Amino acid sequence: MSCAAEWASDVAGISSAGVLYEYAPLPESNAIRVLILKPGGVDDALCCSLDTTSLNKPIPYEAISYVWGSKRRDRPIRIDGRVGHITANLYRALHRMRLPDQRRVLWADSVCINQDDVSERGRQVLLMGEVYGQAKRVLLYLGEDSDQQGEAVRSLVHEIEGMVLEGIKAAGKSWNTFPTLNPEERERFLGDARWQAFINMTHQPWFTRGWVIQEAGLARDGLMLWGKTEISWRSFVRAYTWVVRRLPQVRVRYRAGSQGMNRLHLEMYRLGHKTETMPLYTKQSSHFDFLIVLHDARALCVQDARDRNYSEHKTAKDVYLDMAREYVNSMGNIGLLHCVQHTNDSVNDRFPSWVPRWDLNLFDNIITHTSGPALIPTKLRPSISQDNILEVKGLIFDEIIFTSDALSRDVSISDIKRIWNQIPDILPATFTNPLSTASSRAALAYAHVLSVGRSWGAEWPEWVKWRTAYIEYLCQEQSGSRDPAPPPPDNPPSDNGKNGIEGFHTYAQWNVHNRRIAVTKNGFFALVPLPTRSGDICCVLHGAKAPCILRKAMAAGMYRLVGDACIPVNVPRPHPGGEMLVSVGVENGGRDWPGRGAKEQDIRLC
1 MSCAAEWASD VAGISSAGVL YEYAPLPESN AIRVLILKPG GVDDALCCSL DTTSLNKPIP
61 YEAISYVWGS KRRDRPIRID GRVGHITANL YRALHRMRLP DQRRVLWADS VCINQDDVSE
121 RGRQVLLMGE VYGQAKRVLL YLGEDSDQQG EAVRSLVHEI EGMVLEGIKA AGKSWNTFPT
181 LNPEERERFL GDARWQAFIN MTHQPWFTRG WVIQEAGLAR DGLMLWGKTE ISWRSFVRAY
241 TWVVRRLPQV RVRYRAGSQG MNRLHLEMYR LGHKTETMPL YTKQSSHFDF LIVLHDARAL
301 CVQDARDRNY SEHKTAKDVY LDMAREYVNS MGNIGLLHCV QHTNDSVNDR FPSWVPRWDL
361 NLFDNIITHT SGPALIPTKL RPSISQDNIL EVKGLIFDEI IFTSDALSRD VSISDIKRIW
421 NQIPDILPAT FTNPLSTASS RAALAYAHVL SVGRSWGAEW PEWVKWRTAY IEYLCQEQSG
481 SRDPAPPPPD NPPSDNGKNG IEGFHTYAQW NVHNRRIAVT KNGFFALVPL PTRSGDICCV
541 LHGAKAPCIL RKAMAAGMYR LVGDACIPVN VPRPHPGGEM LVSVGVENGG RDWPGRGAKE
601 QDIRLC
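Going by UniProt numbering, the first residue of the sequence shown is number 1, and it counts up by one from there.
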């Protein structure tokens with residue numbers, strides 16, 4: 001009897017005893033099941049068998065990486081002559097991967113693991129790294145390509161990879177020696193309409209899933225499947241790395257937003273191919289930071305919050321607290337405070353405010369890199385009491401007197417200008433150095449908080465032109481609330497006019513998302529966390545990389561950590577290509593602050 005005929009017979013008798021597939025226990029701790037997918041046509045039912053193999057010496061198999069989607073297992077599959085059920089997404093993936101004339105040996109978690117056996121599921125999850133690492137190939141299933149864009153991406157990736165491999169060969173084994181593009185070359189690349197398909201592919205749900213970082217990163221060989229198109233994972237990551245390191249303007253030109261391929265994919269590739277990627281990175285930018293890994297993972301979706309810091313038997317908050325205590329005690333620093341994010345509710349609850357909640361993903365960009373230099377270096381180690389109070393030294397130097405409405409990544413240029421035009425009315429009339437919307441120094445500080453003092457999408461001299469165009473627009477007399485028209489796609493983003501404004505504003509949108517623009521009592525501009533309000537305190541903690549916002553707690557001498565902030569000084573520094581500002585506290589390590597009334601004291605964070 002054919003597979004199709006047997007299938008029809010089984011479905012007809014599905015309610016009879018013995019028809020539904022039942023899993024047999026795995027014989028050993030290192031054993032896994034593999035799915036033997038039988039050949040078939042486009043419309044044929046799925047037929048397979050499940051065999052057991054040991055990871056000590058497995059039979060050759062391909063592992064599938066895909067988005068689970070709905071947990072409902074309501075799609076039929078014939079397993080060893082019986083009826084099983086799988087999720088809709090796996091059903092589509094298996095149809096895509098089935099061969100017409102030969103069987104295919106696969107591994108897919110939702111069918112090769114007995115999902116109804118909690119104990120087995122826990123043991124098999126611990127083997128996931130080996131499962132994907134030992135597969136002869138990992139099939140990365142992105143889903144359907146409804147607009148038929150896959151071929152455009154495949155051809156673009158092929159061309160970029162060829163150029164990258166030639167450049168790496170010529171650059172040698174040195175840091176940051178891969179050539180940059182001159183303006184003509186850059187415009188030629190940016191004018192390629194295939195970039196839109198490239199960006200659209202990175203917006204597929206697969207790229208948002210947490211476990212795919214491991215699944216793709218550990219693959220000996222990865223193959224992306226988008227509709228009918230197949231693209232080598234290694235080729236794609238090579239091309240994407242070059243885009244990030246040498247052509248970031250693509251994300252401005254084609255309006256990529258804050259979505260896209262998570263940086264952890266690039267980190268996994270870089271760590272496994274250090275010699276190859278060295279010419280595209282500076283030595284400093286290649287630094288591997290555990291906290292940044294956890295931060296980048298916030299944007300990824302997991303079904304259980306404990307998966308971010310794996311634990312089977314504790315609550316997510318217990319895991320976060322254990323990890324934070326261990327980090328502070330073992331590392332002897334407070335770098336993880338820069339990973340704290342709060343909602344209006346979480347900043348006031350009973351959980352320690354200084355402990356990062358890795359399931360909160362409020363910001364598109366961080367204020368400072370956790371491995372950067374401290375504003376006030378210290379040899380003092382922070383301490384944690386038994387009741388989870390973090391004790392550090394710090395300088396309280398200012399107070400928030402104004403905060404804007406909460407901002408989002410959709411904020412318009414008119415909204416930013418509207419806040420700017422409020423500034424003259426915010427500070428007291430007695431303030432000795434009132435800010436003026438016509439003041440280039442004040443405007444530079446305002447632009448600094450919008451960009452958190454970094455350049456993006458352009459080399460520094462060009463970025464200064466973008467910033468200047470943005471400042472000039474802010475300082476114009478208000479002529480209505482309409483934003484300048486967006487530039488047409490074929491205009492160069494390096495233009496000092498509308499394209500410069502647009503490029504700067506795109507980056508500002510990512511920085512201000514779920515934050516507020518603030519003004520302090522001493523006249524500083526600041527970009528502060530969402531829950532910040534008037535009366536909150538500006539402080540630099542010893543060992544911190546950026547100023548922090550604190551809030552007095554109910555208990556005397558206690559503070560809640562609201563989060564870190566960007567607070568630049570109002571005096572620009574000369575810099576090749578254009579003036580720049582630095583964070584408060586950078587000059588003289590903050591040693592001159594006591595003369596301004598700043599108070600050094602013990603800070604107890606609860």
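Backbone N, C-alpha and C fix where the C-beta goes; we use that ideal spot for every residue, glycine too. What you are looking at is a predicted structure, and each value in this text was computed from that prediction instead of being measured.
{"Asked": "Distance, residue 329 Cα to residue 43 Cα", "Found": "59 Å"}
{"Asked": "Buried/exposed call for residue 555, threshold 16 Cβ in 10 Å", "Found": "exposed"}
{"Asked": "Assigned secondary structure, residue 414 (DSSP; H/G/I helix, E/B strand, else coil)", "Found": "helix"}
{"Asked": "Presumed contact (8 Å Cβ cut-off) between residue 177 and residue 279, rounded CB distance", "Found": "5 Å"}
{"Asked": "Three or more C-beta pairs below 8 Å linking the segment 104 to 111 and the segment 196 to 205", "Found": "no"}
{"Asked": "Selection from 388, 86, 353, 61 that minimises the alpha carbon distance to residue 115", "Found": "86"}
{"Asked": "Nearest-angstrom Cα separation, counted from residue 364 out to residue 297", "Found": "12 Å"}
{"Asked": "Assigned secondary structure, residue 68 (DSSP; H/G/I helix, E/B strand, else coil)", "Found": "coil"}
{"Asked": "Between the CA atoms of residue 281 and residue 287 - distance to the nearest angstrom", "Found": "10 Å"}
{"Asked": "Sheet register partners of residue 560 (DSSP bridge)", "Found": "551"}
{"Asked": "Separation of residue 102 from residue 40, as counted between CA atoms", "Found": "8 Å"}
{"Asked": "Three-state secondary structure (DSSP) of residue 163", "Found": "helix"}
{"Asked": "Closer than 7 Å: residue 328 CB and nearest the ligand ATP heavy atom", "Found": "Annotation note on the ligand ATP: not contained in the displayed structure, which lists no ligands."}
{"Asked": "For residue 444, the residue or residues it bridges with in DSSP", "Found": "DSSP, once it has assigned bridges, lists no residue as partnering residue 444."}
{"Asked": "7 Å CB neighbourhood of residue 173 in its chain, flanking five on each side removed", "Found": "275, 278"}
{"Asked": "C-alpha distance - residue 230 paired with residue 240, whole-angstrom precision", "Found": "16 Å"}
{"Asked": "Expected contact under 8 Å - CB spacing of residue 466 and residue 525 to nearest Å", "Found": "Not confirmed; about 19 Å, so no contact."}
{"Asked": "Residue of 564, 460, 347 minimising C-alpha distance to residue 368", "Found": "564"}
{"Asked": "Buried/exposed call for residue 398, threshold 16 Cβ in 10 Å", "Found": "buried"}
{"Asked": "Limits of the alpha helix (DSSP H) - the one that residue 465 falls within", "Found": "460 to 475"}
{"Asked": "Residue(s) in a DSSP beta bridge with residue 141", "Found": "225"}
{"Asked": "With 16 other Cβ atoms within 10 Å as the buried cut-off, status of residue 271", "Found": "exposed"}
{"Asked": "Whole-angstrom C-beta distance between residue 445 and residue 568, which should lie under 8 Å", "Found": "5 Å"}
{"Asked": "The segment 134 to 148 in contact with the segment 201 to 220 per 3-pair CB rule at 8 Å", "Found": "yes"}
{"Asked": "Residue nearest to residue 562 in terms of C-alpha spacing, selected from 348, 147, 96, 127", "Found": "348"}
{"Asked": "Collapsed DSSP secondary structure at residue 606 in the structure displayed", "Found": "coil"}
{"Asked": "Coarse secondary structure for residue 74, derived from DSSP in three states", "Found": "coil"}
{"Asked": "Same chain only: Cβ atoms within 6 Å of residue 471, ignoring 5 sequence neighbours per side", "Found": "443, 447"}
{"Asked": "Local conformation of residue 375 per DSSP, three classes", "Found": "coil"}
{"Asked": "Among 205, 462, 238, the one whose alpha carbon lies nearest that of residue 66", "Found": "205"}
{"Asked": "Straight-line Cα distance separating residue 38 from residue 45", "Found": "10 Å"}
{"Asked": "Close-in-space but distant-in-sequence residues of the same chain around residue 36 (CB under 7 Å, 5 per side omitted)", "Found": "48, 49, 51, 103, 105"}
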